[in-house]
Amino acid sequence: MRVIITGGTGLIGRALGADLARDGHEVIALSRDPGRHATGLPAGMRAERWDGRTADGWGPLADGADAIVNLAGASLAGGRWTAARKALLRASRVDAARAVVAAVEAAERR
Numbered sequence: 419m420r421v422i423i424t425g426g427t428g429l430i431g432r433a434l435g436a437d438l439a440r441d442g443h444e445v446i447a448l449s450r451d452p453g454r455h456a457t458g459l460p461a462g463m464r465a466e467r468w469d470g471r472t473a474d475g476w477g478p479l480a481d482g483a484d485a486i487v488n489l490a491g492a493s494l495a496g497g498r499w500t501a502a503r504k505a506l507l508r509a510s511r512v513d514a515a516r517a518v519v520a521a522v523e524a525a526e527r528r
């Protein structure tokens, strides 16, 4: 299977990707800074650039992907949960989900 993981270089995404890659699946981890994370990824995973908000750049990878796991979003441990922080946490997840939907809708093979 070819699996795309948004948030694939984070704590959970990296562990999930490692398990999938170990089982022989092709794993693509979407990251805002793939160069920084590429060297630390488990064997069998590769990182691709993503802005965290749109399907720009990575959208074509969704064509023929067997699964897309959306783990993207601002860090929950990034500070006090003020009203502004809660808005950021929510927006980062909603934007990521919308980008995944847009990529799937644009894919020829779903």
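Note that the sequence shown covers residues 419 to 528 in the numbering used here.
Glycine residues also receive a C-beta, built at the ideal position from the N, C-alpha and C atoms.
Since we're looking at a predicted model, the values are computed, not measured.
Residue i vs residue j beta-carbon contact at 7 Å
| i | j | result |
| --- | --- | --- |
| Ile480 | Ala525 | According to the sequence as given, residue 480 is Ala; it is not Ile. Yes, they are a contact pair. |
| Leu448 | Glu466 | yes |
| Arg423 | Gly435 | In the sequence on display, residue 423 carries Ile and not Arg. Their beta carbons are under 7 Å apart, which means Ile423 touches Gly435 by this criterion. |
| Arg464 | Ile446 | yes |
C-alpha distance - residue i paired with residue j, whole-angstrom precision
| i | j | result |
| --- | --- | --- |
| Val421 | Thr427 | 14 Å |
| Pro452 | Ala485 | 20 Å |
| Thr500 | Ala509 | 14 Å |
| Arg503 | Gly475 | 28 Å |
| Val487 | Val512 | 14 Å |
| Arg450 | Gly470 | 7 Å |
| Leu489 | Ala514 | 9 Å |
| Arg361 | Ile430 | Residue coverage of the chain in this structure runs from 419 to 528, which leaves residue 361 outside it and unanswerable. |
| Glu523 | Pro478 | 11 Å |
| Val518 | Ala473 | 7 Å |
| Leu507 | Gly491 | 7 Å |
Cβ neighbour criterion (16 or more within 10 Å) applied to residue i
| i | result |
| --- | --- |
| Arg498 | exposed |
| Met419 | exposed |
Residues that DSSP places opposite residue i in a beta bridge
| i | result |
| --- | --- |
| Val512 | DSSP, once it has assigned bridges, lists no residue as partnering Val512. |
| Arg420 | Glu444 |
| Ala495 | In the DSSP output, where bridge partners are listed per residue, Ala495 has none listed. |
Length-filtered (3 minimum) beta strand (DSSP E) runs lying within the stretch 449 to 477: Counting whole runs of 3 or more residues, the stretch 449 to 477 contains the beta strand (DSSP E) stretches 463 to 467.
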